[in-house]
Amino acid sequence: MFTAEKIQSLNELELEVYGYIMQHKNAISYMRIREVATEAHVSTTTVLRFCKKIGCDGYAEFKLKMKEYNKQKNINKVSENLSEIKAFFERLETEKFQNQLETAAAMIAKMERVLFVGIGTSGHMGQYGARCFTNIGKFSLCISDPFYPINMQEAESTVAIVMSVSGESSQTVKIVNGLKRSNCKIISITNTENCTISKLSDINISYYITMRQDEEHTDYTSQVPAVSIIEALANKIRNRLTEE
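Heads up: the sequence shown begins at 464 in our numbering, then just goes up one per residue.
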């Protein structure tokens, strides 16, 4: 509906209407024309002129088209997200990815302790990982507080599994540096291998999906790959412990 040609045809005041509508897409279908005009600081005439330039006979038709536009955008977003997750699962089944998991599982299986590390949402993933590994008989803990004091004794028999989407969190990097100084083995699970935490790790497992943030930089990147990797590692470790 909002083609480049139509947007270019808008004057300064009409662009104000367009800007307001783009910021409040879901609310427009329930607003009266006078409310839109007041919020956008323009006249109702300007709003009507905007509707006509977009290709609608009036504001009522624009509201209907806006409702369909939002519905279609939401469908496209879901489809896009599912396609990305599907592509990840296809990579997960490749020989290269499975070999990475086997290498990590072999390291984890021979260690006495597992320490998950993560901040924010990644901290919740770490807590899930610690519970998941404990369920299969592997002693595991999680550090999700960046200010938690770490006194690493017998670090040589401990492996840290670091969860971070960006791999650049300064708080997480600080913890990893401290663990490395204690000679603790580091396995990182990040979105990309081209990050600081990956470079500090003995093993990096990266999943490569689109990182998503809102205007306030709140991260809402899917955690499905992280959960899948944790569970895949747990299964491989359990098989190794059973064989022993």
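All C-beta atoms in this analysis are idealised placements derived from N, C-alpha and C, irrespective of residue type, glycine included.
For residue i, which residues from the same chain have a beta carbon less than 6 Å from its beta carbon, with the 5 sequence-adjacent residues on both sides left out?
{"i": "residue 701", "result": "599"}
{"i": "residue 554", "result": "560"}
{"i": "residue 532", "result": "464"}
{"i": "residue 590", "result": "605"}
{"i": "residue 703", "result": "572"}
Could you tell me the distance, in whole angstroms, from the CA atom of residue i to the CA atom of residue j?
{"i": "residue 693", "j": "residue 514", "result": "50 Å"}
{"i": "residue 519", "j": "residue 510", "result": "11 Å"}
{"i": "residue 563", "j": "residue 699", "result": "11 Å"}
{"i": "residue 575", "j": "residue 586", "result": "22 Å"}
{"i": "residue 613", "j": "residue 488", "result": "47 Å"}
Check whether the Cβ atoms of residue i and residue j sit closer than 7 Å, and answer yes or no.
{"i": "residue 666", "j": "residue 650", "result": "yes"}
{"i": "residue 571", "j": "residue 622", "result": "yes"}
{"i": "residue 588", "j": "residue 626", "result": "yes"}
{"i": "residue 606", "j": "residue 580", "result": "yes"}
{"i": "residue 689", "j": "residue 652", "result": "yes"}
{"i": "residue 507", "j": "residue 497", "result": "yes"}
{"i": "residue 670", "j": "residue 551", "result": "yes"}
{"i": "residue 505", "j": "residue 479", "result": "yes"}
{"i": "residue 483", "j": "residue 503", "result": "yes"}
{"i": "residue 516", "j": "residue 472", "result": "yes"}
{"i": "residue 628", "j": "residue 654", "result": "yes"}
{"i": "residue 697", "j": "residue 596", "result": "yes"}
If residue i sits next to residue j, beta carbons under 8 Å apart, how far is it from one beta carbon to the other, in whole angstroms?
{"i": "residue 492", "j": "residue 464", "result": "With 8 Å as the limit, residue 492 and residue 464 do not qualify as a contact, their Cβ atoms being about 13 Å apart."}
{"i": "residue 512", "j": "residue 477", "result": "6 Å"}
Identify, in the order they occur along the chain, each residue of the same chain with its Cβ nearer than 8 Å to the Cβ of residue i, setting aside the five sequence neighbours on each side.
{"i": "residue 548", "result": "672, 685, 687 and 688"}
{"i": "residue 578", "result": "603, 604, 605, 606, 621, 622, 623, 624, 642 and 647"}
{"i": "residue 593", "result": "577, 579, 603, 604 and 605"}
{"i": "residue 481", "result": "465, 470, 473 and 513"}
Keeping to the same chain, check which residues put their C-beta closer than 7 Å to that of residue i; ignore five residues upstream and five downstream.
{"i": "residue 634", "result": "582 and 609"}
{"i": "residue 565", "result": "699"}
Is there at least one non-hydrogen atom of the ligand COA closer than 6 Å to the beta-carbon of residue i?
{"i": "residue 630", "result": "The ligand COA is not part of this structure, which contains no ligands at all."}
message: So within the segment 566-598, which uninterrupted alpha helix (DSSP H) runs reach at least 4 residues, ignoring any that extend past its ends?
response: 584-598
message: Going residue by residue through the segment 469-537, where are the continuous alpha helix (DSSP H) segments of at least 4 residues, counting only ones entirely within it?
response: 475-486, 488-491, 496-503 and 507-517
Completely contained beta strand (DSSP E) runs for the segment 598-669, where each covers 3 or more residues: 603-606, 621-626, 648-653 and 666-669
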